[in-house]
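Undergrad:
There are 2 protein chains.
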Amino acid sequence: MSQEFSGKGDPLKLMHLLWGKVQAPRRGPKPKVSLSELVAAAIVIADSDGIDAVSTRKVAEAVGISPMSFYTHVPSVAELHDLMLDQVLAECTQPPKDWQSWGWRQRLTCIAENLWQHYMRHSWVVEMETHRPILGPNTLANYELALSAIDGLGLDEIEMDMTVTSLHNYVLGAVRHAAREQSVWKDTGMSDNEWWFTIAPFLETLDYTSYPVTSRVGPVVGEAYGVGDPQRAFQFGLERFLDGMTLLIKRRG
Amino acid sequence: MSQEFSGKGDPLKLMHLLWGKVQAPRRGPKPKVSLSELVAAAIVIADSDGIDAVSTRKVAEAVGISPMSFYTHVPSVAELHDLMLDQVLAECTQPPKDWQSWGWRQRLTCIAENLWQHYMRHSWVVEMETHRPILGPNTLANYELALSAIDGLGLDEIEMDMTVTSLHNYVLGAVRHAAREQSVWKDTGMSDNEWWFTIAPFLETLDYTSYPVTSRVGPVVGEAYGVGDPQRAFQFGLERFLDGMTLLIKRRG
DNA sequence: AATAACTATTTACACTGTACAACATTTAAA
DNA sequence: TTTAAATGTTGTACAGTGTAAATAGTTATT
């Protein structure tokens with residue numbers, strides 16, 4: 001992938017693109033495609049072939065314009081990436097039914113799990129998460145939803161922000177392995193299990209005297225879930241975090 | 001960056017490279033450079049110019065061999081990346097003094113903060129974290145150290161593994177913003193503050209009726225730490241996680 | 001001395017992002 | 001109605017990437 005970031009260009013331009021606040025051109029030929037069509041095409045490519053397959057040429061071809069016409073709509077790939085991230089996050093902005101009747105813990109759990117599934121559906125997002133927050137409409141709506149889940153519990157504004165940020169960060173850190181497993185499998189056809197079986201014989205030849213605890217824990221873990229069970233580790237850490245949140249909320253409430 | 005992963009090649013070959021178990025060549029000319037020199041040169045480039053600057057040609061040039069000689073030592077960039085990750089992690093394998101006298105909470109805090117600083121020193125690592133665990137000597141030593149921090153507390157092996165994994169995942173998720181801020185600043189010269197001031201006027205023109213909680217929380221947060229304080233959010237989440245761990249350990253102990 | 005094994009190098013190709021200039025099309029102003 | 005400005009589109013071009021393939025050079029074994 002490309003660690004391009006949109007900071008190189010004009011940050012304001014990106015804002016206008018994100019919020020659809022680009023004034024319609026007064027003169028000149030009608031654009032063949034709209035911005036959101038372009039972004040949607042890029043997302044389709046990323047979903048099926050990964051973020052590396054999203055090149056200006058391929059996106060342009062997908063919507064039926066010439067390679068360089070791409071740049072009349074988007075300043076560069078960096079901006080395209082940010083637009084993709086915000087647009088795809090539209091899937092994670094609506095609360096489920098019964099949301100109102102839930103407690104905060106159920107809400108946060110739901111948010112974390114939805115986010116997990118979102119990252120699994122679009123694993124390129126995980127590889128791409130950019131630096132500065134993308135202050136687009138959907139990213140903001142997603143933030144709003146998370147904040148509303150813990151509103152009125154006695155936490156101050158700073159604590160609310162950090163709760164949401166920490167939770168999001170945790171999910172992103174935890175989903176990495178699972179999401180990448182998907183990408184790798186799609187690209188190479190090799191599952192984690194196959195990979196594990198390939199290297200297992202080698203691992204047995206190593207000297208583990210420098211790793212005493214590992215040599216005790218490793219085999220048990222290996223027996224239980226091979227090289228790792230990302231979803232199980234995710235649930236484990238999530239519960240510890242929420243347990244910790246319970247203590248804080250009790251102190252405040 | 002390049003989301004190449006070493007799964008494409010022979011996983012066993014990578015293992016042999018990681019553990020220095022490639023038999024020395026019996027015939028032919030002496031290699032001009034060693035593998036670790038090559039990897040070290042790549043790390044230097046990544047530290048100063050980011051992971052995108054690490055190309056086979058530049059690494060080869062840095063150690064004084066022709067571009068394609070690179071492939072005599074390493075099958076592809078993917079393997080180079082994995083080797084870089086393990087080699088640079090050597091900085092995070094030794095316990096500090098007084099480690100023995102510490103409690104588990106102080107140990108885990110220390111591990112998390114060291115890891116944070118490690119990612120900040122080498123922010124390219126954050127952009128690159130690969131899919132499958134890199135079962136190299138330093139990665140394993142790092143795992144061993146973390147396990148030893150919580151050994152003997154009554155947690156079973158599975159819980160120990162998931163504790164270490166969750167903690168690592170959390171740090172990685174939380175450090176992203178801080179690490180990227182460094183990268184972006186290095187590359188573009190624009191700090192988060194400058195960026196924030198550039199877009200702030202635009203943000204004030206938006207309609208926040210769809211974001212009621214955000215419009216209450218946002219200004220307070222903005223006043224406190226602008227667009228975000230990654231380190232503070234990191235500490236916050238870390239404490240919640242450790243509080244949650246305390247509960248679990250009490251139940252087990 | 002001959003051969004096999006190995007490293008190093010040169011050349012080449014298919015990709016990438018995008019700068020630049022020429023051209024096409026639509027609309028506002030003269 | 002004509003003209004000029006503004007914009008979208010396109011073709012060409014360049015520097016950079018990873019790496020396949022062929023070749024040349026070096027050394028230990030036979």
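Protein sequences, first through last, are from chains F and Y.
To convert, note that position 205 of the first sequence is 205 in UniProt numbering; the numbers rise steadily by one, no gaps.
To convert, note that position 243 of the second sequence is 243 in UniProt numbering; the numbers rise steadily by one, no gaps.
From the three backbone atoms N, C-alpha and C, an ideal C-beta is built for every residue, glycine too.
Give the range of the alpha helix (DSSP H) segment to which E181(Y) is assigned.
TA: Along the second sequence, one-based indexing puts residue 181(Y) at 181. 157-188 is the span of the alpha helix (DSSP H), which, as asked, contains E181(Y).
Undergrad: Taking 8 Å as the CB-CB cut-off, is D151(Y) touching chain F?
TA: Residue mapping note: residue 151(Y) aligns to position 151 of the second sequence, counting from 1. Chain F, which has a Cβ nearer than 8 Å to the Cβ of D151(Y), makes this yes.
Undergrad: Evaluate P25(F) with the Cβ neighbour count: other Cβ atoms within 10 Å of its Cβ, from every protein chain shown; 16 or more gives buried, anything less gives exposed.
TA: What you label residue 25(F) is simply residue 25 of the first sequence in a count that begins at 1. P25(F) should be labelled exposed.
Undergrad: Should I199(F) be flagged as near chain Y, meaning a C-beta pair shorter than 8 Å?
TA: Taking the first residue of the first sequence as 1, we reach residue 199(F) at position 199. Yes, because at least one Cβ of chain Y sits closer than 8 Å to the Cβ of I199(F).
Undergrad: Do V126(Y) and R176(Y) count as a contact pair if the criterion is CB distance below 8 Å?
TA: As a position in the second sequence, residue 176(Y) is number 176, starting the count at 1. As a position in the second sequence, residue 126(Y) is number 126, starting the count at 1. Yes, the Cβ-Cβ distance between R176(Y) and V126(Y) is below 8 Å.
Undergrad: Indicate whether T165(F) and M245(F) have their beta-carbon atoms separated by less than 8 Å.
TA: Translated into positions along the first sequence, residue 165(F) becomes position 165. Translated into positions along the first sequence, residue 245(F) becomes position 245. No, these two residues do not count as a Cβ contact at 8 Å.
Undergrad: Hey, is T165(F)'s beta-carbon within less than 8 Å of any beta-carbon in chain Y?
TA: By one-based count along the first sequence, residue 165(F) stands at place 165. Yes, because at least one Cβ of chain Y sits closer than 8 Å to the Cβ of T165(F).
Undergrad: Taking the C-alpha atoms as reference points, what is the distance between L147(Y) and V213(F)?
TA: The count along the second sequence starts at 1 and reaches residue 147(Y) at position 147. The count along the first sequence starts at 1 and reaches residue 213(F) at position 213. Their backbone Cα atoms lie some 7 Å apart in a straight line.
Undergrad: Quick check on DSSP: helix, strand or coil for S123(F)?
TA: For the purposes of this step, residue 123(F) is identified with residue 123 of the first sequence, where counting begins at 1. It is helical.
Undergrad: Spatial neighbours of D10(F) within its chain, please: CB distance less than 8 Å, with the 5 preceding and 5 following residues excluded, ordered by chain position.
TA: Locating residue 10(F) in the first sequence gives position 10, counting from the first residue. Answer for D10(F): P75, listed in chain order.
Undergrad: Is the region 61-75 of chain F touching the region 98-112 of chain F, taking contact as three or more C-beta pairs under 8 Å?
TA: With a cut-off of 8 Å, the region 98-112 of chain F and the region 61-75 of chain F do not count as touching, because too few Cβ pairs lie within range.
Undergrad: With a 10 Å radius around its C-beta and 16 neighbouring C-beta atoms as the bar for buried, classify R252(Y) as buried or exposed.
TA: Position 252 of the second sequence holds residue 252(Y). By the 10 Å Cβ count, R252(Y) comes out exposed.
Undergrad: Please compile the residues from chain Y whose C-beta is within a distance smaller than 8 Å of the C-beta of T214(F).
TA: Taking the first residue of the first sequence as 1, we reach residue 214(F) at position 214. Those within 8 Å of T214(F) in chain Y are L140, Y143, E144, L147.
Undergrad: Can you say whether S123(F) is buried or exposed, counting buried as having 16 or more other CB atoms within 10 angstroms of its CB?
TA: In the first sequence, counting from the first residue as 1, residue 123(F) sits at position 123. Result: buried.
Undergrad: Do you know how far the Cα of L238(Y) is from the Cα of L145(Y)?
TA: Within the second sequence, numbered from 1, the residue matching residue 145(Y) stands at position 145. Within the second sequence, numbered from 1, the residue matching residue 238(Y) stands at position 238. Computed Cα separation, rounded: 18 Å.
Undergrad: Compile a chain-ordered list of the residues in the region 73-104 of chain Y whose CB is closer than 8 Å to at least one CB of chain F.
TA: The residues in question: there are none.
Undergrad: Could you give the DSSP three-state label for I43(F): helix, strand or coil?
TA: Position 43 of the first sequence holds residue 43(F). Three-state result, I43(F): helix.
Undergrad: Compute the beta-carbon to beta-carbon distance between L35(F) and V63(F), rounded to the nearest angstrom, for a pair I have assumed lies under 8 Å.
TA: Taking the first residue of the first sequence as 1, we reach residue 35(F) at position 35. Taking the first residue of the first sequence as 1, we reach residue 63(F) at position 63. Going by Cβ atoms, the distance from L35(F) to V63(F) rounds to 11 Å, so no, they are not a contact pair.
Undergrad: Who are the near neighbours of F234(F) in its chain, counting only those whose CB is closer than 6 Å to its CB and skipping five residues on each side?
TA: As a position in the first sequence, residue 234(F) is number 234, starting the count at 1. Once the five neighbours on either side are set aside, the close Cβ partners of F234(F) are A174.
Undergrad: Check whether chain F comes within 8 Å of R57(Y), counting only Cβ atoms and requiring the distance to be less than that.
TA: Taking the second sequence and counting its residues from 1, one reaches residue 57(Y) at position 57. So, not an interface residue.
Undergrad: Looking at C-alpha atoms only, which residue of Q100(Y), L89(Y), H81(Y) is the closest neighbour of D151(Y)?
TA: Working through the second sequence from its first residue, we reach residue 151(Y) at position 151. Of Q100(Y), L89(Y), H81(Y), the residue nearest in Cα terms is Q100(Y).
Undergrad: Between the alpha carbons of I249(Y) and W102(Y), how many angstroms are there, rounded?
TA: Within the second sequence, residue 249(Y) is the residue found at index 249, counting from 1. Within the second sequence, residue 102(Y) is the residue found at index 102, counting from 1. Going from the Cα of I249(Y) to the Cα of W102(Y) covers about 16 Å.
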